[in-house]
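The listed protein sequences correspond, in order, to chains E and U.
Last residue of the first sequence: 344 in this note's numbering, with the numbers rising by one and none dropped.
Last residue of the second sequence: 589 in this note's numbering, with the numbers rising by one and none dropped.
Glycine included, each C-beta is placed from N, C-alpha and C at the ideal position.
Keep in mind that this is a model prediction, so the values were computed, not measured.
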Amino acid sequence: MATDAGTETKRADSSFRITTAQKERYARLWRQFRHNTKAMVGLAIVLTLVVVALFAPLIAPYSVSETNIDARSEAPSLQHPFGTDELGRDIFSRVVLGSRISLYVGFGSIVGALAVGTTVGVVSGYAGGMVDEVLMRVMDAAMAFPPILLALTVMVVLGPNLNNVILALAFVYTPYIARVGRSAALSERNEEYVESAVSRGESDGYIVFKEVLPNCMAPLLVQASINVAFAMLAEASLSFLGLGAQPPKPSWGLMINSGRGFMQTAPWMIIFPGLAIAFAVIGFNMLGDGLRDVLDPKVDTVES
Amino acid sequence: MRRDSNRSDSDDSDSHGGFARRQFLATASAGTLGLGLAGCLAGDDTGSSGNGSGGTGTDSGSGTGNESASGSGAGGAKSGGTLQWGGAVPVQGLDPHLDTAAASKRVLENIVEGLVRLQPDYTFEPLLAKEMTTSEDNTKLSFTLHEGVTFHNGEEMTSADVKASFERVQGNEKFVANGFMQKVDSMSAPSDYEFSVTLTEPFAPFIAKMSTAELAVLPAAEAEKSEIKEPIGTGPYQFDSREIESSFTMTKFEDYWGADSVEGPYIDKIVKSEITDPSVRLQSFMAGEYDFINGIPPKDVQRVQQDGSVRFEKNFPKSLVYLGLNCEEEPFSDKNARLALDYAFDKAEVAEAALYGTGQATASPATPGSPWVNEDVQPRPRDLDKAQEHLEKAGMPDGFSVSFKIPQSYPAQVQAAQVIADQASEAGIELNIQKITWSSWLSDVYSKQNFEATTSSYLALYYPDVSFYKFLHPDGAFFFTGWTNEEYNAKVEEARHLYDESKRAELYKEATQIMHDERAGHLLLFWQANLYGAQPDYKGKIGTPDGSSLRFNDNWLDR
């Protein structure tokens, strides 16, 4: 939020009381957000996903693992709106329940990446010097590998299961978060409020986490929401490759993998999970873009 | 990769089956023909299983859409051409004595040959040997070799080569047939074309072993090598080149010794492209890119059959898929836990889920239609009450939860596993599927026995010693589930030394009953077929009696 008005708002109140100035600022941001179509559409999609995931067991008409060989590979019908898969399971139910896996991994890995990445980035940016050099070179090294390859390697070492996917993806996305956190912290550390904190004799730890960090949140949030989309894609990819969710879990990637052989005879087996992935990824991407428009006027992509 | 194909390599293939009394009689001068092995083993008369011609027993019902073999008749056979083969599983090692992968054997058995060979009726016929005789007590096997047999390097094959080849296997435990060679007391090569083996005791499976690449005849100089990378043999095709995991090429051997007596070889060059993805393979084949593919996914069989423009061939049975339980660790060390699982799922439904009607559920490891099948032993029906009863006896009334390691390259097993896990969960048994690679199956499950439940498959079980000894007897070469039963062991050991078919069959039937009652660590699931597709201008029989490998010598291209 290191934007325009009132430098005083930049100074995070140590007690986190919301001042009038802050209230006004939030109200203004929300107004901008509401008028940003991209952001609103993204938010709507993400909220839909969250609601579906929360109430998935109520929405899904069938069990996700119950097989029925007599009804295998059936085309979409009223009874099975998305058709059935090669073992007669209801694809609609599986896609609905699959949203939980996707969101669980998407959010889980980004929370992990945020926790580590933000700390590393902000400390690095604030401290500078050798600390900065060492931390950032380590991050650069990790970034030198293509994300999916790095995730694959980690998965091979950890063994395939969903929690390991979260670990692997948290590991992969940490450097991206750290870079953003660092550059934000770099510009923040020369601000007057930091100077004043230093002159008050606050400890480094206090300044980094209570003063600098809150002011770096805007770019971090933008980065995180976009990375959630990447993480969901990565989960689908890993599951597709057999290194993520294990059958009979209804991971979208896994569903596409097992439906791949039926592309010609039962295309609905990959179309619906594929659409679900696309829907979720577009949602988070639009939300991320919208947030950036609102929070970071420098790259304003909307009006004028 | 498809199940079958793959599995094939999974299964370490082995064994070949029965000996043919009558073939031997035909050639063997010896009266005794103690080789009775022959008669006995032979699943022959039943002949049920598919023999090459693609026809084959389809118990499974799905019609085999093949009119058997579009005439392989020497009559119209044309020479020349290049066969483009879309292969399901990449060729692995190329040392005939060392490699167990079915994918390797599929090419190797065209390159190297043994003293005897398996016939469509599961009997054995001399191949490199002109004739074979046995002593009264069945322990000495004497062979008279064909003259004028040349290796691909131009040298003539003599008994010294045979002896060197066998000694190679005898001399090092790493060779697959080493255990069999331990039954050999002495070998001699009195003249260039005479060779004899003296066994320490009558041992029925020995001849079957000689028909496989594992006891193939190599040039004496090659037999000195610790590992062979470029195989040299006497077969109709010679090794040309290969790119690992990509392609394998063999070419016609112009001086093939058998060319006078048998058909072919006709095709100049056989190029196997390794196309492990079954959908891609089938697509490319349907588009005309390949003349021949193996490993058609069962789910696509109907589509291929309905497409009148290609040949569909089925070789049944190829292999047996089983659910392996680790009997040395909780919970499956308890027989009741194994029985509970056995009662928890419907085998016919599992077979249908995996094979789309191209296979058959079973409770016996003996090849369907062979004399060794105990018809009284049938798969246990699904019965959740009984499952619960056994869970209580095992002291786990609430069920249990175990890992279930499935080799991911076999879609049939992955599908079967999901149905099994689904049904078992209703009985309170949670099987947590973990897809693993084939190499980790070999290292973790097989070598380290680090598993609770798993699935895999075995090939070429028409020879009963493989079905009953190899993976169910503690001294068997593929024993890994830890299930032991003295009574069972005694029966299958005795059967190895018997040459009389009916007595052997009796023992194997009793053994089947024991393994079923005691719920051996191998919970048998189903037999599956090898499914091939060929372009209409590719003529000749496809497939061999063992259900897995291929022989190209009498195949030809009509173009």
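Pairwise C-alpha distance: residue j and residue i
{"i": "A167/E", "j": "I247/E", "result": "11 Å"}
{"i": "E456/U", "j": "E531/U", "result": "44 Å"}
{"i": "S314/U", "j": "P249/U", "result": "39 Å"}
{"i": "G66/U", "j": "K259/U", "result": "Confidence is the limiting factor: at G66/U the pLDDT is only 32, short of 50, which leaves the residue's position unreliable and the question unanswerable from this model."}
{"i": "V174/E", "j": "R240/E", "result": "29 Å"}
{"i": "K299/U", "j": "Y267/U", "result": "8 Å"}
{"i": "N585/U", "j": "Y568/U", "result": "7 Å"}
{"i": "K255/U", "j": "F205/U", "result": "12 Å"}
{"i": "D151/U", "j": "P575/U", "result": "7 Å"}
{"i": "Q212/U", "j": "E293/U", "result": "36 Å"}
{"i": "K533/U", "j": "A525/U", "result": "8 Å"}
{"i": "L580/U", "j": "L124/U", "result": "16 Å"}
{"i": "F173/U", "j": "V192/U", "result": "10 Å"}
{"i": "L563/U", "j": "G328/E", "result": "With the sequence shown as reference, residue 563/U is identified as Gly, and Leu is not the correct amino acid for it. Near 51 Å, if we compare the C-alpha coordinates of G328/E and G563/U."}
{"i": "V136/E", "j": "Q72/E", "result": "32 Å"}
{"i": "F211/E", "j": "A237/E", "result": "33 Å"}
{"i": "I310/E", "j": "V449/U", "result": "20 Å"}
{"i": "Y320/U", "j": "Y440/U", "result": "22 Å"}
Residue i classed as buried or exposed, judged by whether at least 16 other C-beta atoms fall within 10 angstroms
{"i": "W308/E", "result": "buried"}
{"i": "S100/U", "result": "Below a pLDDT of 50, predicted positions are generally treated as unreliable, and S100/U, at 39, falls in that range; no measurement from the model is reported."}
{"i": "N140/U", "result": "buried"}
{"i": "F233/U", "result": "buried"}
{"i": "L94/E", "result": "exposed"}
{"i": "S59/U", "result": "Caution is warranted here: a pLDDT of 34 is assigned to S59/U, below 50, making its placement in the model unreliable, and no coordinate value can be reported."}
{"i": "G61/U", "result": "For G61/U, the predicted structure reports a pLDDT of 32, less than 50, and the residue's modelled location is therefore unreliable. A value from the coordinates is still provided. It counts as exposed."}
{"i": "R311/U", "result": "buried"}
{"i": "I274/U", "result": "exposed"}
{"i": "R136/U", "result": "buried"}
{"i": "G573/U", "result": "buried"}
{"i": "S303/U", "result": "buried"}
{"i": "T264/U", "result": "buried"}
{"i": "N230/E", "result": "exposed"}
Contact with chain U by residue i, beta-carbon distance below 8 Å
{"i": "A310/E", "result": "One point to set straight first is that residue 310/E is Ile, not Ala, in the sequence displayed. I310/E does not count as touching chain U."}
{"i": "G282/E", "result": "yes"}
{"i": "G301/E", "result": "yes"}
{"i": "I109/E", "result": "yes"}
{"i": "P200/E", "result": "yes"}
Nearest residue (CA-CA) to residue i, options the options
{"i": "F312/E", "options": "R68/E, D130/E, G323/E", "result": "D130/E"}
{"i": "L281/E", "options": "G314/E, Y144/E, I296/E", "result": "I296/E"}
{"i": "I317/E", "options": "N255/E, V145/E, G199/E, E228/E", "result": "V145/E"}
{"i": "E482/U", "options": "E524/U, S394/U, T511/U, G184/U", "result": "T511/U"}
{"i": "Q335/U", "options": "T542/U, P566/U, A393/U", "result": "P566/U"}
{"i": "A391/U", "options": "E197/U, M426/U, P347/U, E358/U", "result": "P347/U"}
{"i": "P254/E", "options": "V90/E, E275/E, G221/E, T193/E", "result": "G221/E"}
{"i": "I217/E", "options": "V196/E, G152/E, N203/E, L192/E", "result": "G152/E"}
{"i": "Q200/U", "options": "A383/U, Y499/U, L128/U, L355/U", "result": "L128/U"}
{"i": "Y345/E", "options": "I150/E, G284/E, Y102/E", "result": "One cannot answer for residue 345/E here, as it falls past the ends of chain E, which runs 41 to 344."}
{"i": "N324/U", "options": "A132/U, G110/U, S109/U", "result": "A132/U"}
C-beta neighbour in chain E for residue i, strict 8 Å
{"i": "V444/U", "result": "yes"}
{"i": "R412/U", "result": "no"}
{"i": "E460/U", "result": "no"}
{"i": "S92/U", "result": "Because the pLDDT of S92/U is 35, which lies under 50, any placement of that residue in the model is unreliable, and the question is left without a value."}
{"i": "R368/U", "result": "no"}
{"i": "A525/U", "result": "no"}
{"i": "P327/U", "result": "yes"}
{"i": "E275/U", "result": "no"}
{"i": "P441/U", "result": "yes"}
8 Å Cβ cut-off: residues of chain U touching residue i
{"i": "P288/E", "result": "Q448, A451, D452, I463"}
{"i": "E106/E", "result": "D452"}
Partner residues on chain E for residue i, Cβ-Cβ distance less than 8 Å
{"i": "P494/U", "result": "Neighbours of P494/U on chain E: none; closest Cβ ~32 Å, over 8 Å."}
{"i": "S309/U", "result": "R300, G301, M303"}
Chain E residues whose Cβ lies nearer than 7 Å to that of residue i
{"i": "Q438/U", "result": "G282"}
{"i": "E379/U", "result": "I109"}
Neighbouring residues, chain U, relative to residue i (Cβ below 7 Å)
{"i": "L127/E", "result": "A383, Q445, Q448, V449"}
Listed by chain order, chain E residues near residue i by CB distance under 9 Å
{"i": "R333/U", "result": "Q304, T305"}
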